[in-house]
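Visitor: This is the structure I have questions about; it appears just below.
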Amino acid sequence: MINSPLMTVMVDAVRKAARGLKRDFGEVENLQVSRKGPGNFVSAADRKAEDVLREALMKARPGYGLVLEENGVIEGTDKSHTWHIDPLDGTTNFLHGIPHFAISVGLERDGMIVAGVIYDPIKDELFVAERGKGAYLNNRRLRVSGRQELADALVAYGSPYLGRGDQPRLLKEVAAVMQVTGGARRFGSAALDLAYVACGRNDFYWERDIQSWDIAAGIILVREAGGFVTNADGGAEPLAAKTAAKSVAAGNEALHGELIAILRKANAA
Ligand code: 2AM
Ligand code: CA
Ligand code: CA
Ligand code: CA
Numbered sequence: 001m002i003n004s005p006l007m008t009v010m011v012d013a014v015r016k017a018a019r020g021l022k023r024d025f026g027e028v029e030n031l032q033v034s035r036k037g038p039g040n041f042v043s044a045a046d047r048k049a050e051d052v053l054r055e056a057l058m059k060a061r062p063g064y065g066l067v068l069e070e071n072g073v074i075e076g077t078d079k080s081h082t083w084h085i086d087p088l089d090g091t092t093n094f095l096h097g098i099p100h101f102a103i104s105v106g107l108e109r110d111g112m113i114v115a116g117v118i119y120d121p122i123k124d125e126l127f128v129a130e131r132g133k134g135a136y137l138n139n140r141r142l143r144v145s146g147r148q149e150l151a152d153a154l155v156a157y158g159s160p161y162l163g164r165g166d167q168p169r170l171l172k173e174v175a176a177v178m179q180v181t182g183g184a185r186r187f188g189s190a191a192l193d194l195a196y197v198a199c200g201r202n203d204f205y206w207e208r209d210i211q212s213w214d215i216a217a218g219i220i221l222v223r224e225a226g227g228f229v230t231n232a233d234g235g236a237e238p239l240a241a242k243t244a245a246k247s248v249a250a251g252n253e254a255l256h257g258e259l260i261a262i263l264r265k266a267n268a269a
């Protein structure tokens, strides 16, 4: 584990919010649900979890700014630190009773992600990472997979949702990936997709049209586990462009480059 004051703050906040999520998941049919846009749902569970996280993190680190999925941006007095918070990543799974979702909290310092926590309350899997201190799942140190062959690789992706994104493009990419890899999966939680790259379950993951709160924590997890993270075109840091649509691609050293090349070829065809 990582014994730092920062990690204690993050883990305490996340565990507190997770208790509410777990309770709400147990009676999901009674939750109030509204629609933010086509196919884009938010429930009382998302909002309550975000409130708990916001209050706990603002109390522990008063000056830090926040980027919150459900409440937008809260500017801090400390301009170099910003939390990127997804209170419930995998809302669609959650609302359908599928036990695959997570809380994701990442801390950015001067444009770089320096700490991340992703927690899956159903499986009780806590993924943590801090810059220079490694990545852990519960108490186990993490390392990305060592698989070298595309034919052995399990690849996860996220797909554009109703009313947004470029579905035909994604289908071309998935077809190309399916033809050469051991399997392709669409799990429905970007944060867990990245955490699973960090712990070697997924060998590669990519997704387009994604936000900072989906990937901030996952980026540091993958990097601290020895993996590579770029945008989905193989270019720089996915969080570099603050407001532009982001994309992400993460994997181990051997397979990351090969899969980026396959995505590029699929798009050129
Ligand atoms: P969410 O559950 O926090 O909204 C899945 O590939 C990723 O896309 C998840 O991180 C999910 O985050 C996000 N997502 C799914 N449907 C979405 C929608 N309609 N609008 C915005 N983000 C969505
Ligand atoms: Ca959402
Ligand atoms: Ca999300
Ligand atoms: Ca969310």
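Residue numbers are given in full-length UniProt numbering: position 56 of the sequence shown equals residue 56, and the series is strictly consecutive. The C-beta atom is built at its ideal place from N, Cα and C for all residues, glycine as well. Everything numeric in this text was worked out from a predicted model, so none of it was measured.
State yes or no: is the beta carbon of Gly72 nearer than 8 angstroms to at least one beta carbon in chain C?
Guide: Note that chain C does not occur in the displayed structure, where there is just one protein chain.
Visitor: By DSSP, does Phe204 sit in helix, in strand, or in coil?
Guide: Stepping through the sequence shown from its first residue, residue 204 is reached at position 204. Three-state DSSP puts Phe204 in a strand.
Visitor: From Arg19 to Asn267, what does the alpha carbon distance come to, in whole angstroms?
Guide: Position 19 of the sequence shown, counted from the start, is the residue given in the question as residue 19. Position 267 of the sequence shown, counted from the start, is the residue given in the question as residue 267. Between Arg19 and Asn267, the C-alpha separation is close to 43 angstroms.
Visitor: For ligand 4, I want to know if Leu192 counts as a neighbour, meaning its beta carbon is within less than 7 angstroms of at least one of the ligand's heavy atoms.
Guide: Residue mapping note: residue 192 aligns to position 192 of the sequence shown, counting from 1. Checking the Cβ of Leu192 against ligand 4 gives no.
Visitor: Provide the residue span of the alpha helix (DSSP H) that contains His256, from first to last.
Guide: What you label residue 256 is simply residue 256 of the sequence shown in a count that begins at 1. Taken as a continuous stretch (DSSP letters only), the alpha helix (DSSP H) holding His256 covers 253-268.
Visitor: Using 7 angstroms as the cut-off, classify the Cβ of Glu50 as near or not near the heavy atoms of ligand 2, replying yes or no.
Guide: Looking up residue 50 in the sequence shown gives position 50. Not under cutoff, so the answer is no.
Visitor: Is Glu70 close to ligand 3? I mean its beta-carbon at under 7 angstroms from any heavy atom of the ligand.
Guide: Within the sequence shown, residue 70 is the residue found at index 70, counting from 1. Because no heavy atom of ligand 3 lies under 7 angstroms away, the Cβ of Glu70 does not count as near it: no.
Visitor: Just checking Thr91 against ligand 4 - is the residue's beta carbon closer than 7 angstroms to any of the ligand's heavy atoms?
Guide: What you label residue 91 is simply residue 91 of the sequence shown in a count that begins at 1. Answer for Thr91: yes, Cβ within range of ligand 4.
Visitor: Using only CA atoms, which one of Glu207, Ala129, Val11 lies nearest to Val155?
Guide: Here the question's residue 155 lines up with position 155 in the sequence shown. Ranking Glu207, Ala129, Val11 by Cα distance to Val155 puts Glu207 first.
Visitor: If distances are taken between C-alpha atoms only, which option among His81, Gly26, Phe228, Glu224 comes closest to Pro121?
Guide: Reading the sequence shown from its first residue, position 121 is the one you call residue 121. Comparing Cα positions, the closest option is Gly26.
Visitor: For the alpha helix (DSSP H) containing Phe41, list its first residue and its last residue.
Guide: The sequence position of residue 41 within the sequence shown is 41, counting from 1. That residue, Phe41, is in no alpha helix (DSSP H); its beta strand (DSSP E) goes 40-43.
Visitor: Taking 7 angstroms as the cut-off, is the CB of Pro99 close to at least one heavy atom of ligand 4?
Guide: Start at 1 with the first residue of the sequence shown, and residue 99 comes out as number 99. No, the Cβ of Pro99 stays beyond 7 angstroms of every heavy atom of ligand 4.
Visitor: Within 8 angstroms, do at least three Cβ pairs link the stretch 251-260 to the stretch 227-236?
Guide: Segments in contact, yes.
Visitor: What does DSSP give as the partner residue(s) for Ile113 in the beta ladder?
Guide: By one-based count along the sequence shown, residue 113 stands at place 113. Paired residues: Glu108.
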